[in-house]
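In the order they appear, the protein sequences are chains A and B.
In terms of the working numbering, the first sequence is residues 14 to 375.
In terms of the working numbering, the second sequence is residues 3 to 219.
Virtual Cβ for every residue (Gly too), placed ideally from N, Cα, C.
For reference, the structure discussed in these notes is given below.
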Amino acid sequence: MAVDRLSLEIPDRSITVLVGPSGCGKTTTLRMINRMIEPSEGTILLDGVDIQKQPVNTLRRSMGYVIQNAGLFQHRSIVDNIATVPRLLGWSKQRARERAAELMERVGLDSSLAKRYPYQLSGGQQQRVGVARALAADPPVLLMDEPFSAVDPVVRKGLQDELLRIQSELGKTIVFVTHDIDEAIKLGTMVAVMRTGGRLAQYAPPAELLTAPADAFVEDFLGADRGIRRLSFFPSGALELQTAPVVAQDADAAKIAARGSADVPYLLVTDLDGKPLGWGEPKDLKAGEITPERLLPYGRPFVHGSDSLRAALDGAVLSPTGWAVGVDDTGRVVGVVSQQTIGEAIRNAHAQGSGDDVRAAG
Amino acid sequence: MSGYFDIPSDLQHSYLGLIGLHLREALIPVLAGLLLSLPVAQLCVRFRWLYPPVLGVTTVLYAIPSLAFFVVLIDYTGQSETTVMIPLAVYSLVVLVPAIVDGVRSVPQETLDAATAMGFGPVRRYLQVQLPIAVPAIIAGLRVATVSSISLVSVGMLIGNQGALGNLLNDANIYHRPELAVTSVVTTAALAILADAALALVRVVLTPWMPRKGATR
Ligand SMILES: Nc1ncnc2c1ncn2[C@@H]1O[C@H](COP(=O)(O)OP(=O)(O)OP(=O)(O)O)[C@@H](O)[C@H]1O
Ligand SMILES: [Mg+2]
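Next up, the structure:
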């Protein structure tokens, strides 16, 4: 038995992730939803109606299915691959192709690829075609089986961000299978952790999963650094940034002297546009002679407000001065913050338990 | 002294006429073999247990000498082209059935899953996904079957000059004109090479989706 008495309520218009070790029955569960595998007992209801009640191919055409390694039709051009389900539904060739072109744009594929064949595309591009093909007939439900597992981490992150964007625009009901817990936590509104034999170990929003794993199996599956990962759910907006240690490249000697203090061992130098250049000790900064090459690196800045405490802490840890640089959407410095301050913010956030109901901030 | 391409009158054909006849006697059996192989191969794909016995039968049929076929068939179809073409069609099965079965089986499982998941019924899936993807394998089989059929037509000379270009071999003997034998052999070989090249071209035209040799991804 691959899946045993699994009971899940999948919310509309959100991403539900099935995650678990290899062979635990994730694919089997997904295939039962579009009846590629029939359950030996039990029922699956879609909007309250048993899925057995409609013709199987009608059901399948109303659900987009994205398969591992994309599963594209190698003998059809990209545009014809995407137009597959609309054509099955009887759309004219013209209309199906227009729809395909529209979707290529939506998933970030250049229109010059339309007439190419799958073998001429990179793995990441093929995955995008797979997603576009599943979306083509505008199905309310999207089933995705490890769609991003065959691409490198950078491309995968791009595809994940793209999926979240598409989801926020289209509001599909997505069931997403992965064995990567990080992917589950990033994408899921709800995450179902499954154990071997297709039994449910825990079904919870990702923040709750990280805060309160149901048992040792889930805890083990979440991995070692779930404390750090949980910080992804605390926004950085509540951090109080300091602006005193920030000086522009053309600051005069008096200003540099005035800004340095016992609390502020380093000053962050910005260019005239407000973008960070690097850190320097006040005594080393000579007015008018500040050169970016001589400054200490500023690590990776976080976007104040939209990035999470995890990004802020990461920035502080990466910076040799122990201070993180907060920037706005355009990359201009809005202030700096020390590891101590971030540590206090983390303690406060935990005390309030606010992480449980805050969505991922990135 | 007759010209090089003057064909003895007993054959009732010009040189070009013989070529046309030869192609017809060679290609119609391959076509018939293909039409027969497609459903047989599909059955073999659908019911796996059927494939080994089917392969066994086609191999045994292939091992029967054409002369034996002629002896049996001549009672029914006489000294006609049909009598030549039936064994050729049967012989082509030994190449075509496995070619189609292997081609259809080579379609990746995830491609089939994708088709099913998108709501293809079995017939549509066969016609629109499996068969097109099997085209390279099928044409590879057709090339072998065609070349061998072209060379085998010649034995038709044994049943009253039904061997097209092959009849020239007989006449070379009767009329002591060895150049007729040379013409027969060279022309048959040329036809085989040209037919093979034509099929290779058809393959390229039908499968723009295949990676070109030497092209980079
Ligand atoms: N067609 C099948 N017939 C019978 N058993 C199967 C079939 N497909 C899979 N199984 C079994 O069912 C179990 C669950 O398989 P499933 O493919 O759902 O796992 P999964 O969670 O998707 O794993 P993975 O992460 O490796 O893809 C496995 O033990 C597998 O051996
Ligand atoms: Mg799977």
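**Cβ of A/V16 within 7 Å of any chain B Cβ** = no
**Message:** My parser needs the beta strand (DSSP E) runs of 3 or more residues fully inside the stretch 198 to 271 of chain A; what are they?
**Reply:** 203 to 208, 212 to 217 and 259 to 261
**Asked** Below 7 Å between beta carbons: does that hold for A/V347 and A/G335?
**Response** no
**Prompt:** Run through DSSP, which three-state label would A/S351 get?
**Reply:** strand
**Sheet register partners of A/P289 (DSSP bridge)** = A/T283
**Message:** Would the stretch 170 to 186 of chain B count as touching the stretch 114 to 121 of chain B if we require 3 or more Cβ pairs under 8 Å?
**Reply:** no
**Item:** Near-chain A residues of the stretch 99 to 121 of chain B (beta-carbon distance less than 8 Å), N- to C-terminal order
**Value:** P110, E112, T113, D115, A116, A117, T118, A119, M120 and G121
**Prompt:** Would B/I135 count as contacting chain A if we go by Cβ distances under 7 Å?
**Reply:** yes
**Item:** Sufficient close CB pairs (3 or more, under 8 Å) joining the stretch 81 to 98 of chain A to the stretch 51 to 65 of chain A
**Value:** no
**Message:** What does the alpha-carbon distance come out to for the pair A/A220 and A/A205?
**Reply:** 13 Å
**Message:** Assuming contact is defined by CB atoms lying nearer than 7 Å, are B/L75 and B/T85 in contact in what I supplied?
**Reply:** yes
**Prompt:** Whose CA, out of A/I194, A/R108 and A/V69, lies closest to the CA of A/R239?
**Reply:** A/I194
**Message:** Check for me: the beta strand (DSSP E) holding A/V168 runs from which residue to which?
**Reply:** No beta strand (DSSP E) contains A/V168, which is instead part of the alpha helix (DSSP H) from P166 to L183.
**Request:** Kindly indicate if chain A contains any beta-carbon less than 7 Å away from that of B/P213.
**Result:** yes
**Asked** Can you tell which of B/I135, B/A194 and B/I140 has its C-alpha closest to the C-alpha of B/L154?
**Response** B/A194
**Item:** CB of B/L52 within 7 Å of CB of B/L144, strictly
**Value:** no
**Message:** DSSP three-state label for A/D63, please.
**Reply:** strand
**Request:** Can you check the stretch 69 to 135 of chain A for any alpha helix (DSSP H) of at least 4 residues that lies completely inside it and give the ranges in chain order?
**Result:** 69 to 74, 91 to 95, 97 to 101 and 106 to 119
**Request:** Counting only the same chain and skipping the five closest in sequence on each side, list residues whose C-beta sits under 6 Å from that of A/R372.
**Result:** No answer about A/R372 holds up, because its pLDDT of 45 lies below 50 and its placement is not dependable.
**Request:** Could you please give the first and the last residue of the uninterrupted beta strand (DSSP E) stretch that includes A/M157?
**Result:** V154 to D158
**Asked** Given that B/G123 touches chain A, what residues does it touch there, using C-beta distances under 7 Å?
**Response** N70
**Request:** Give a yes or no on whether the C-beta atoms belonging to A/A217 and A/R208 are separated by under 7 Å.
**Result:** no
**Prompt:** Of all Cβ atoms in chain B, is any one closer than 7 Å to the Cβ of A/T343?
**Reply:** no
**Request:** Check whether the stretch 172 to 183 of chain B touches the stretch 3 to 23 of chain B, taking contact to mean three or more Cβ pairs, one atom from each stretch, closer than 8 Å.
**Result:** yes
**Residues that A/Q81 contacts on chain B, provided the C-beta gap is smaller than 9 Å** = E112
**Prompt:** When the Cα atoms are used, what is the spatial distance from A/R112 to A/A145?
**Reply:** 10 Å
**Any residue whose CB is nearer than 5 Å to a heavy atom belonging to ligand 1, listed in chain order** = A/A15, A/S35, A/G36, A/C37, A/G38, A/K39, A/T40, A/T41 and A/H192
**Prompt:** In the DSSP assignment, what residue or residues form a beta bridge with B/S16?
**Reply:** None, per the DSSP bridge assignment.
**Item:** Contacting residues, own chain, Cβ-Cβ under 7 Å from A/A251 (five flanking each side not counted)
**Value:** A358
**Asked** Do A/G84 and B/E112 have their CB atoms nearer than 7 Å?
**Response** yes
**Prompt:** According to the Cβ coordinates, are A/G77 and A/L200 closer than 7 Å?
**Reply:** no
**Prompt:** Looking at the C-beta of A/Q87, does it have a partner C-beta in chain B at a distance below 7 Å?
**Reply:** yes
**Message:** Among A/D342, A/E175, A/P131 and A/G184, whose alpha-carbon lies nearest the alpha-carbon of A/P24?
**Reply:** A/G184
**Request:** Let me know if A/G236 comes out buried or exposed under the rule of 16 or more other beta-carbons within 10 Å of its beta-carbon.
**Result:** exposed
**Prompt:** What residue from A/H192, A/V79 and A/A109 has the CA that sits closest to A/F234's CA?
**Reply:** A/H192
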